[in-house]
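**Student:** Numbering (the working numbering), first residue to last: -2 to 303. Take this structure, written in C-alpha cells, and hold onto it; I'll ask about it next.
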C-alpha cells in the first residue's frame, strides 16, 4: 500500500538537498538561475512557479502568493479540450502539494480546496469510457496525484492498475503504443510522447509513496522500452513511420512536454537520453513536473584536471 508523502508529488526532500548541494554545477546552476530570475506567463504557471520557489528555495512570500492564488482557483475553468482539463488539474495538484506545508494555508482553506479539486477529478472520471486513449492515461496519472493529495487508496489502485494494464497489453517490444500512434496522421508522435509522459509521471509519483511502477515489466517490456523508443525520433523525426512530422515540429514537442525525460534519465542513466537532454535543458514543463532539470537532473562530474 502507498505510504503518502507530501513534498510536491515528483521529488523528495533528499532531492531538494542535492539540488542545493550542487547548485554551482551544471545543469543545476542554470536551472537555479531560471527558477530565481524568470517570470512565467499565465496564471497556472505563476502559481506553480511560486510553489517551486517556496518548496525549493524556502521563499515564504512566494509560497503565500501561491496559497492565495490556489484558494481563488475556479475549478470550472473552461478548456478547449479534455486533455487541457486533465493537465491543468494535475499541475494544480502539484502546486497544492508544493505549498501544503505553508503556514498561510490553514486547515479550513485546505479542506475547501481539496473538496473542489475532488469534484473536478470525479467529473472527469465519470466520463472515463468516453475519453480518448491518451486522455485515459492522463486520467490515471491524475488519479494517482489525487490519491496523494487526498490520501485515497482506491484512486491510487485504479491509477496504478491502468498503468500496469498499459504495460501488459499496449507497449510493443519496439516501444510504440498502437492505440496512440494509430491513424497515420501528423499528431501520432504527439500522442505517443504524451502517452509515455503520463506513464512516467504516474510511475514517478508512485515511487515517492513506496510503490514501484518503474520496475513493472510484462513480456520483457516496461515503461523504459517506450521511453527509449522516443529518443531516436527526436534526432530522426523523418523516420517516424506513423505519420509525417518535421524536425521543427518534433523539436517543439520535446521542448514542451519533455519534463518526464529528466525523471527517466535519473533512473536509467541512458547515454542517448543524456545527449537529448543536453539539447533541451533547462527543461520547464508546466504539466509534466515543473522545472525537472532542477529537481531531477544529475550533476556533471567534476574534472580532476583542468
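For each residue, glycine too, the CB sits at the ideal point set by N, CA and C.
#1: Give me, in chain order, the residues of the same chain whose beta-carbon lies closer than 8 angstroms to that of residue 204; leave out the 5 immediate sequence neighbours on both sides.
#2: Which runs of the beta strand (DSSP E), 3 residues or longer, sit entirely within the segment 206 to 235?
#3: With distance defined between alpha-carbon atoms, name the residue in 157, 283, 285, 262 nearest to residue 275.
#4: With a threshold of 6 angstroms on Cβ separation, who are the neighbours of residue 260 within its own chain once the five nearest residues in sequence on each side are excluded?
#5: Only counting the same chain, and skipping five residues up and downstream in sequence, which positions put a Cβ closer than 8 angstroms to that of residue 271?
#6: Between the Cα of residue 17 and the Cα atoms of 2, 53, 247, which residue gives the shortest distance?
#7: How many angstroms separate the CA atom of residue 178 from the CA atom of residue 172?
#8: Would you identify the three-state DSSP class for residue 143, choosing helix, strand or coil?
#9: Using three-state DSSP, classify residue 287 as helix, strand or coil.
#10: Using the Cα positions of residue 300 and residue 120, report the straight-line distance between them to the nearest angstrom.
#11: Give me the Cα-Cα distance between residue 87 and residue 230, rounded to the nearest whole angstrom.
#12: Report the three-state DSSP secondary structure of residue 282 (helix, strand or coil).
#13: Taking only the alpha-carbon atoms, compute the straight-line gap between residue 51 and residue 58 and give it to the nearest angstrom.
#14: So, for residue 122: in the same chain, excluding its five sequence neighbours on each side, which residues have a beta-carbon less than 8 angstroms away from its beta-carbon?
#15: May I ask which residues mark the beginning and end of the alpha helix (DSSP H) holding residue 175?
#16: Using the Cα positions of residue 95 and residue 269, report the straight-line distance between them to the nearest angstrom.
#17: For residue 361, which residues of its own chain have a beta-carbon under 7 angstroms away from its beta-carbon, when the five flanking residues on both sides are left out?
#18: Give every residue of the same chain whose Cβ lies closer than 7 angstroms to the Cβ of residue 19, excluding the five residues on either side of it in the sequence, and list them in chain order.
#19: Tell me which residues share the same chain as residue 144 and place their Cβ nearer than 6 angstroms to its Cβ, disregarding the 5 neighbours each side in the sequence.
#20: Whole-angstrom Cβ separation of residue 193 and residue 224, contact assumed at under 8 angstroms?
#21: Output needed for residue 128: all residues of its chain with C-beta closer than 7 angstroms, excluding positions within five of it in sequence on either side, in chain order.
#22: Do the segment 246 to 258 and the segment 278 to 293 meet, that is, are 3 or more Cβ pairs less than 8 angstroms apart?
#23: Whole-angstrom Cβ separation of residue 92 and residue 155, contact assumed at under 8 angstroms?
#24: Check for me: the alpha helix (DSSP H) holding residue 24 runs from which residue to which?
#25: Taking residue 221 and residue 289 to be in contact with their CB atoms under 8 angstroms, please state how far apart those CB atoms are, rounded to whole angstroms.
#26: What residue does the alpha helix (DSSP H) around residue 304 start on, and which one ends it?
#27: Would you please state the rounded distance, in angstroms, between the beta carbons of residue 213 and residue 146? I believe it to be under 8 angstroms.
#28: Roughly how many angstroms separate the alpha carbons of residue 134 and residue 15, rounded to a whole number?
**Tutor:** The short version:
#1: Mapped onto the chain shown, residue 204 falls at position 207. These residues qualify, in order along the chain: 210, 211.
#2: none
#3: By one-based count along the chain shown, residue 275 stands at place 278. Of 157, 283, 285, 262, the residue nearest in Cα terms is 262.
#4: Position 263 of the chain shown, counted from the start, is the residue given in the question as residue 260. Hits under 6 angstroms: 197, 201, 293.
#5: Locating residue 271 in the chain shown gives position 274, counting from the first residue. 262, listed in sequence order.
#6: Here residue 17 refers to the residue found at position 20 when the chain shown is read from its first residue. Among 2, 53, 247, the Cα nearest to that of residue 17 belongs to 53.
#7: Residue numbering aside, residue 178 sits at position 181 when the chain shown is read from its first letter. Residue numbering aside, residue 172 sits at position 175 when the chain shown is read from its first letter. If you take the alpha carbons of residue 178 and residue 172, they lie about 11 angstroms apart.
#8: Taking the chain shown and counting its residues from 1, one reaches residue 143 at position 146. Of the three classes helix, strand and coil, the one that applies to residue 143 here is helix, per DSSP.
#9: Here the question's residue 287 lines up with position 290 in the chain shown. Three-state DSSP puts residue 287 in a strand.
#10: Working through the chain shown from its first residue, we reach residue 300 at position 303. Working through the chain shown from its first residue, we reach residue 120 at position 123. Model confidence at residue 300 stands at a pLDDT of 48, short of 50, so the residue's coordinates are unreliable; what they give is reported in the following sentence. Approximately 53 angstroms between the Cα atoms of the pair.
#11: Sequence index remark: in the chain shown, residue 87 carries index 90 (1-based). Sequence index remark: in the chain shown, residue 230 carries index 233 (1-based). Those two C-alpha atoms are separated by around 27 angstroms.
#12: By 1-based counting over the chain shown, the position of residue 282 is 285. If DSSP states are grouped into helix, strand and coil, residue 282 belongs with the strands.
#13: Counted from its first residue, the chain shown places residue 51 at position 54. Counted from its first residue, the chain shown places residue 58 at position 61. In a straight line, the C-alpha of residue 51 is about 8 angstroms away from that of residue 58.
#14: Working through the chain shown from its first residue, we reach residue 122 at position 125. Only 136, 140 meet the Cβ criterion.
#15: Position 178 of the chain shown, counted from the start, is the residue given in the question as residue 175. Run containing residue 175: 175 to 178, per the alpha helix (DSSP H) assignment.
#16: Stepping through the chain shown from its first residue, residue 95 is reached at position 98. Stepping through the chain shown from its first residue, residue 269 is reached at position 272. Rounded to the nearest angstrom, the two C-alpha atoms are 31 angstroms apart.
#17: Given a span of -2 to 303 for the chain in the structure shown, any question on residue 361 remains unanswerable.
#18: In the chain shown, counting from the first residue as 1, residue 19 sits at position 22. If we look at residue 19 and ignore the five residues flanking it on each side, its Cβ neighbours are 25, 296.
#19: For the purposes of this step, residue 144 is taken as the residue at position 147 of the chain shown. The residues are 152, 153.
#20: Taking the chain shown and counting its residues from 1, the one referred to as residue 193 is at position 196. Taking the chain shown and counting its residues from 1, the one referred to as residue 224 is at position 227. Contact flag correct, Cβ pair sits at about 6 angstroms.
#21: Taking the chain shown and counting its residues from 1, one reaches residue 128 at position 131. The residues are 79, 136.
#22: yes
#23: Here residue 92 corresponds to residue number 95 of the chain shown, with the count starting at 1. Here residue 155 corresponds to residue number 158 of the chain shown, with the count starting at 1. The Cβ separation is near 23 angstroms, so there is no contact.
#24: Locating residue 24 in the chain shown gives position 27, where the first residue counts as 1. Unbroken run through residue 24: none, as it is neither H nor E.
#25: Counting from 1 along the chain shown, the entry for residue 221 is found at position 224. Counting from 1 along the chain shown, the entry for residue 289 is found at position 292. Not quite, the Cβ-Cβ distance comes to about 17 angstroms (not below 8 angstroms), so this is no contact.
#26: Look at the range of the chain in this structure, -2 to 303, and you will see that residue 304 is not part of it.
#27: For the purposes of this step, residue 213 is taken as residue 216 along the chain shown, with counting starting at 1. For the purposes of this step, residue 146 is taken as residue 149 along the chain shown, with counting starting at 1. Incorrect: roughly 23 angstroms between the Cβ atoms, too far for contact.
#28: Counting from one through the chain shown, the residue named residue 134 turns up at place 137. Counting from one through the chain shown, the residue named residue 15 turns up at place 18. Spanning the two alpha carbons is a distance of roughly 31 angstroms.
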